[in-house]
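Using this note's numbering, you'd call the opening residue of the sequence shown number 94 and step up by one each time.
Glycine included, C-beta positions come from ideal geometry on N, C-alpha and C.
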Amino acid sequence: MKKGFIFDLDGVITDTAKYHYLAWKDLASSIGIEIDLVFNEQLKGISRMDSLERILVHGGKEQAFTLAEKEALAHQKNTHYVELLQALTPADLLPGVKAFLDEARKNAIPCAIASASKNAPFILDKLEVTDYFNVIVDPATLKKGKPDPEIFLKAAELLGISAKEAIGFEDAQAGLDGIKAANMFAVGVFSGEELHGADLLVERLDELDVLDLIRR
Numbered sequence: 094m095k096k097g098f099i100f101d102l103d104g105v106i107t108d109t110a111k112y113h114y115l116a117w118k119d120l121a122s123s124i125g126i127e128i129d130l131v132f133n134e135q136l137k138g139i140s141r142m143d144s145l146e147r148i149l150v151h152g153g154k155e156q157a158f159t160l161a162e163k164e165a166l167a168h169q170k171n172t173h174y175v176e177l178l179q180a181l182t183p184a185d186l187l188p189g190v191k192a193f194l195d196e197a198r199k200n201a202i203p204c205a206i207a208s209a210s211k212n213a214p215f216i217l218d219k220l221e222v223t224d225y226f227n228v229i230v231d232p233a234t235l236k237k238g239k240p241d242p243e244i245f246l247k248a249a250e251l252l253g254i255s256a257k258e259a260i261g262f263e264d265a266q267a268g269l270d271g272i273k274a275a276n277m278f279a280v281g282v283f284s285g286e287e288l289h290g291a292d293l294l295v296e297r298l299d300e301l302d303v304l305d306l307i308r309r
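If you want it as structure tokens, here you go:
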């Protein structure tokens, strides 16, 4: 029996990828680098600083900024991103998410958020679903980002369950690889990116039956 659910945020609970893209595109343009939606796929599921590094490499400017300047650039991007997030409402939950979370709550299954986003608490508040989650892993407490399994193992630890007792939900390959590296059952949520290695693939969470899922 499985005893807990661990969710990525972007692409699983809500879709903030468009806001990330707009903020990164604006930031990149300000330093003379152009990115498009195809390149943006590389930024899904990874940390803010790792995303910035990939953009700088893409533009041939990986040596052009000091660490302090890179941190300032990342802060600039995040400020713009948070401004864009002000428009979020519960209507921005992905289809089927609320119904699935209601079923998990009904069956007393604890849930965690394992997202690289430092804005996860703010986003969950805007979506009005914070109370559904027992745990929100703080990415600032981690040493490694996805695809390393650390964030998923931390989520299971905070839920008080073993990795084998958890089910992870991801829409990005880096996150899915992290779930499998943590030795967890993996549900891939298809959002346009081809996914490999998932134990189950769905397009929306309410395709799943909670009780059938925890018996796996």
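Leaving aside the five residues before and after residue i along the sequence, list all residues of the same chain whose C-beta is less than 6 Å from its C-beta, in chain order.
i              : result
lysine 236     : none
arginine 141   : Ala167
alanine 249    : Ala256, Ala259
glycine 261    : Ile99, Phe245, Ile272, Met277, Ala279
lysine 137     : Ala265
arginine 297   : Pro188, Gly189
aspartate 299  : Gly189, Ala192, Phe193
lysine 96      : Ile254, Glu258
leucine 181    : Lys219
leucine 293    : Val280
asparagine 200 : Val303
Using only alpha-carbon positions, find the residue among the options that is nearest to residue i.
i              : options                        : result
lysine 191     : Glu221, Ile99, Val175          : Glu221
threonine 159  : His113, Leu145, Thr172         : Leu145
asparagine 171 : Gln156, Thr109, Ile229         : Thr109
glutamate 155  : Lys96, Gly253, Gly125, Leu301  : Gly125
glutamate 176  : Leu136, Glu196, Leu115, Asp264 : Leu115
aspartate 241  : Lys118, Ser122, Ala279, Ile139 : Ile139
glutamate 286  : Gly97, Arg297, Glu134          : Glu134
aspartate 264  : Val230, Gly238, Asp299, Val295 : Val295
serine 284     : Thr107, Lys96, Gly97           : Thr107
threonine 186  : Ala165, Ile216, Glu164         : Per the sequence shown, the amino acid found at residue 186 is leucine instead of threonine. When each option's Cα is compared against that of leucine 186, the closest is Ile216.
threonine 223  : Lys199, Asn200, Pro183         : Pro183
glutamate 173  : Lys199, Ser123, Ala275         : What sits at residue 173 in the sequence shown is histidine, not glutamate. Cα-wise, what sits closest to histidine 173 is Ser123.
histidine 113  : Glu164, Ala165, Asn212         : Asn212
leucine 102    : Ala274, Ala275, Pro232, Gly290 : Pro232
What's the call for residue i, buried or exposed, on a 16-neighbour Cβ count within 10 Å?
i              : result
methionine 277 : buried
glutamine 179  : exposed
valine 131     : exposed
proline 188    : exposed
glutamate 243  : buried
lysine 111     : exposed
lysine 219     : buried
alanine 256    : buried
serine 210     : buried
threonine 234  : exposed
glycine 153    : exposed
glycine 281    : buried
alanine 157    : exposed
alanine 161    : exposed
Would you please state the rounded distance, in angstroms, between the beta carbons of residue i and residue j? I believe it to be under 8 Å.
i             : j              : result
leucine 288   : leucine 269    : 6 Å
valine 105    : alanine 197    : Rounded, the Cβ-Cβ distance is 13 Å, inconsistent with contact.
aspartate 143 : glycine 253    : Not really, about 30 Å apart at Cβ, beyond 8 Å.
proline 214   : isoleucine 202 : 21 Å between Cβ atoms; not a contact.
Looking only at its chain, what residues have a beta carbon closer than 8 Å to the beta carbon of residue i, apart from the 5 residues adjacent to it on each side?
i             : result
methionine 94 : Glu258, Ile307, Arg308
leucine 301   : Phe193, Val280, Leu293, Val295
Leaving aside the five residues before and after residue i along the sequence, list all residues of the same chain whose C-beta is less than 7 Å from its C-beta, in chain order.
i              : result
arginine 169   : According to the sequence as given, residue 169 is glutamine; it is not arginine. Taken in chain order, the residues that qualify are Leu120.
isoleucine 128 : Trp117, Lys118, Ala121, Ile148, His151
tyrosine 225   : Leu194, Arg198, Cys204
asparagine 227 : Pro203, Cys204, Ala205, Leu252
alanine 291    : Leu269, Ala279, Val280, Gly281
Does any C-beta atom of chain C lie closer than 7 Å to the C-beta of residue i?
i           : result
alanine 291 : Included in the structure is just one protein chain, with no chain C present.
Does the structure place the stretch 145-158 close enough to the stretch 201-211 that three or more beta carbon pairs sit under 8 Å? no
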